[in-house]
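This report refers to the structure that appears directly beneath it.
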Amino acid sequence: MSEPMPMSFEPKIIAFVCNWCTYLGADLAGTNRLEYPPNVRIIRLPCTGRIDFNLLVKAFEIGADAVLVSGCHPGDCHYTAGNFHARRRWMLFRSLLETLGIETERIHFTWISAAEGKKFQQVIGEITATARAMGPYAAYQGLSQVQVGQASTPAAGLQTRQPEDAQ
Amino acid sequence: MTERLRQTAARLLSEGKVQLVIGYGAAGRPALITKAEDAEKLEWNDRCLANLAVYLTRKEVKALGKAAIVVKGCDERALVVLEKESQIDRGALYVIGMACDGVGAPKCGRCQVHTPRFADEVIGTQAEPPAPPAGPNGLDRLMAKSSAERWAFWNAEFARCVKCYACRQVCPLCYCERCIADKNRPVVIDTSATPKGNFAWHITRAFHLAARCVGCGECTRACPAGIPLGLLNQSLAQATEAHFGYRPGMDRQAEPVFGAWSPADKEDFIG
Numbered sequence: 514m515s516e517p518m519p520m521s522f523e524p525k526i527i528a529f530v531c532n533w534c535t536y537l538g539a540d541l542a543g544t545n546r547l548e549y550p551p552n553v554r555i556i557r558l559p560c561t562g563r564i565d566f567n568l569l570v571k572a573f574e575i576g577a578d579a580v581l582v583s584g585c586h587p588g589d590c591h592y593t594a595g596n597f598h599a600r601r602r603w604m605l606f607r608s609l610l611e612t613l614g615i616e617t618e619r620i621h622f623t624w625i626s627a628a629e630g631k632k633f634q635q636v637i638g639e640i641t642a643t644a645r646a647m648g649p650y651a652a653y654q655g656l657s658q659v660q661v662g663q664a665s666t667p668a669a670g671l672q673t674r675q676p677e678d679a680q
Numbered sequence: 069m070t071e072r073l074r075q076t077a078a079r080l081l082s083e084g085k086v087q088l089v090i091g092y093g094a095a096g097r098p099a100l101i102t103k104a105e106d107a108e109k110l111e112w113n114d115r116c117l118a119n120l121a122v123y124l125t126r127k128e129v130k131a132l133g134k135a136a137i138v139v140k141g142c143d144e145r146a147l148v149v150l151e152k153e154s155q156i157d158r159g160a161l162y163v164i165g166m167a168c169d170g171v172g173a174p175k176c177g178r179c180q181v182h183t184p185r186f187a188d189e190v191i192g193t194q195a196e197p198p199a200p201p202a203g204p205n206g207l208d209r210l211m212a213k214s215s216a217e218r219w220a221f222w223n224a225e226f227a228r229c230v231k232c233y234a235c236r237q238v239c240p241l242c243y244c245e246r247c248i249a250d251k252n253r254p255v256v257i258d259t260s261a262t263p264k265g266n267f268a269w270h271i272t273r274a275f276h277l278a279a280r281c282v283g284c285g286e287c288t289r290a291c292p293a294g295i296p297l298g299l300l301n302q303s304l305a306q307a308t309e310a311h312f313g314y315r316p317g318m319d320r321q322a323e324p325v326f327g328a329w330s331p332a333d334k335e336d337f338i339g
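Given below as structure tokens:
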């Protein structure tokens with residue numbers, strides 16, 4: 514072989530999961546020996562209600578190509594209504610991301626109960642396949658590459674804007 | 069109207085009903101009046117753009133005693149939200165409402181509340197409300213672009229941000245004593261004015277105002293870099309109305325969106 518094989522792209526996926534449902538679902542997948550792609554990094558939180566949108570922003574900043582937010586099915590919340598509050602928050606947060614032009618296809622939401630090890634396996638498989646097909650989230654990751662003073666020139670920014678866009 | 073405003077302020081102060089009148093002074097600058105004879109300094113003209121509700125939650129203003137505040141219909145919406153969030157005691161506040169035909173700001177074309185509705189006293193009468201401008205507004209034009217174009221647009225806009233936080237300081241609903249942007253253990257929002265830090269900040273600022281922002285447009289007006297920050301708030305306001313039929317600051321009784329939930333909330337995006 515004269516040329517080295519190009520490295521195939523492996524997406525980094527960060528899953529923010531609820532301690533009471535999805536985390537146990539992942540655990541069940543493990544004890545049942547259900548294999549799922551190792552691209553996912555699981556971060557356990559007490560409740561989907563605890564998952565601050567800043568965590569998602571942070572995830573993309575540090576190089577995530579896709580993010581999963583997962584918790585208890587509606588009505589099953591350990592704290593009664595944490596997931597209902599979270600659902601409202603995500604409804605509006607998604608519209609903000611769309612306005613900003615952030616790729617919402619990279620942010621996934623699911624309900625996975627403690628009994629759904631199989632669903633956890635499927636979801637991670639699907640998300641990984643989607644993320645692999647989409648490629649690296651270079652747009653957001655690129656933000657971290659630019660340092661102070663290197664940003665595109667202010668004049669260039671001013672020219673792109675039409676005054677009437679302000680309102 | 070200016071004369072009546074001055075008389076009202078002087079009366080309230082001399083009767084001891086309030087210790088402070090928050091109004092507009094020369095050139096529309098904010099004026100904090102504590103003596104009846106200073107009521108002459110108050111003005112009412114088309115330069116009275118600022119939303120004075122921002123001062124009500126400031127410690128140093130609270131320390132001056134019971135306040136009266138001069139509001140336009142649009143500013144009053146902020147009072148409604150502040151009251152809902154237990155930031156002001158409406159009973160301990162005297163609201164002087166100004167019937168307003170518009171103060172020449174771009175937002176005035178979209179104004180829905182020209183006359184304050186919950187004021188203790190309304191000064192003046194409002195002429196026929198002007199017809200809303202036809203055609204797409206700035207947000208419509210932005211949303212008509214592709215996702216990649218919007219990303220490029222905000223990249224160019226945020227590139228000018230110097231993180232002065234004027235947008236935060238001027239906002240009547242950004243009243244946290246310690247802002248998440250100032251927290252450093254851990255650093256939630258990169259403090260430098262780099263693209264990463266700017267995106268993190270503007271996402272946070274806009275979303276902390278989701279379903280709360282009353283659209284006073286002060287953030288856009290205060291921004292020294294001319295970033296149309298109000299577009300982010302407008303888009304969230306549009307989504308809030310579409311999903312929940314809720315317009316912040318319009319209804320004193322309505323339950324705030326994030327203070328409540330419903331089993332019927334949409335979840336077409338959840339797998």
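From first to last, the protein sequence lines stand for chains A and B. The working numbering applies: residue 514 is where the first sequence begins, and numbers increase by one. The working numbering applies: residue 69 is where the second sequence begins, and numbers increase by one. Just so you know, even glycine gets a beta-carbon here, dropped at the ideal spot from N, CA and C.
{"Query": "At what residues does the alpha helix (DSSP H) containing residue 615(A) begin and finish?", "Result": "Element bounds for residue 615(A): n/a, residue is neither H nor E."}
{"Query": "Look at the alpha carbon of residue 267(B) and the alpha carbon of residue 640(A), and state the distance between them as a whole number of angstroms.", "Result": "25 Å"}
{"Query": "Quick one: Cα of residue 509(A) to Cα of residue 585(A), how far?", "Result": "This structure gives no information on residue 509(A), because the portion of chain A shown stretches from 514 to 680."}
{"Query": "Cβ closer than 7 Å: which chain A residues qualify as neighbours of residue 182(B)?", "Result": "Residues of chain A passing the Cβ test: none, with the nearest at roughly 17 Å."}
{"Query": "Kindly list the residues whose CB is nearer than 6 Å to the CB of residue 73(B), restricted to its own chain and excluding five residues on each side of it in sequence; keep chain order.", "Result": "110, 112, 191"}
{"Query": "If the cut-off is 8 Å on Cβ atoms, which residues from the region 246-266 of chain B count as contacting chain D, listed in chain order?", "Result": "Structure shown: chain D not included; protein chains present are A and B."}
{"Query": "I need the straight-line Cα distance from residue 319(B) to residue 187(B), nearest angstrom please.", "Result": "14 Å"}
{"Query": "Please classify residue 575(A): is it buried, with 16 or more other beta-carbons within 10 angstroms of its beta-carbon, or exposed?", "Result": "exposed"}
{"Query": "Could you tell me whether the Cβ atoms of residue 147(B) and residue 139(B) are closer together than 8 Å?", "Result": "yes"}
{"Query": "Who pairs with residue 136(B) in a beta bridge, going by DSSP?", "Result": "89(B), 162(B)"}
{"Query": "Measuring CA to CA, which of 232(B), 315(B), 214(B) is closest to residue 180(B)?", "Result": "315(B)"}
{"Query": "Taking the straight line between their C-alpha atoms, what separation do you get for residue 81(B) and residue 103(B)?", "Result": "6 Å"}
{"Query": "Leaving out five residues on either side along the sequence, give the residues of the same chain with a beta carbon under 7 Å from the beta carbon of residue 261(B).", "Result": "229, 230, 231"}
{"Query": "Quick one: Cα of residue 96(B) to Cα of residue 169(B), how far?", "Result": "16 Å"}
{"Query": "Taking residue 297(B) and residue 287(B) to be in contact with their CB atoms under 8 Å, please state how far apart those CB atoms are, rounded to whole angstroms.", "Result": "4 Å"}
{"Query": "Could you check where the beta strand (DSSP E) with residue 189(B) kicks off and where it finishes?", "Result": "189-191"}
{"Query": "Please decide whether residue 656(A) counts as near chain B, where near means a Cβ-Cβ distance under 8 Å.", "Result": "yes"}
{"Query": "Of the choices 326(B), 246(B), 234(B), whose alpha-carbon is the least far from that of residue 292(B)?", "Result": "234(B)"}
{"Query": "DSSP on residue 222(B), reduced to helix/strand/coil?", "Result": "helix"}
{"Query": "With residue 300(B) as the anchor, note down where its beta strand (DSSP E) starts and where it stops.", "Result": "Not the beta strand (DSSP E): residue 300(B) falls in the alpha helix (DSSP H), residues 298-312."}
{"Query": "Could you give the DSSP three-state label for residue 557(A): helix, strand or coil?", "Result": "strand"}
{"Query": "Terminal residues of the continuous alpha helix (DSSP H) containing residue 581(A)?", "Result": "Run containing residue 581(A): none in the alpha helix (DSSP H); it sits in the beta strand (DSSP E), 579-584."}
{"Query": "Could you work out which residue in 607(A), 625(A), 612(A), 542(A) is closest to residue 619(A) when comparing CA atoms only?", "Result": "607(A)"}
{"Query": "Are three or more beta carbon pairs between the region 297-307 of chain B and the region 588-598 of chain A nearer than 8 Å?", "Result": "no"}
{"Query": "Return no unless some Cβ of chain B is closer than 8 Å to the Cβ of residue 587(A).", "Result": "yes"}
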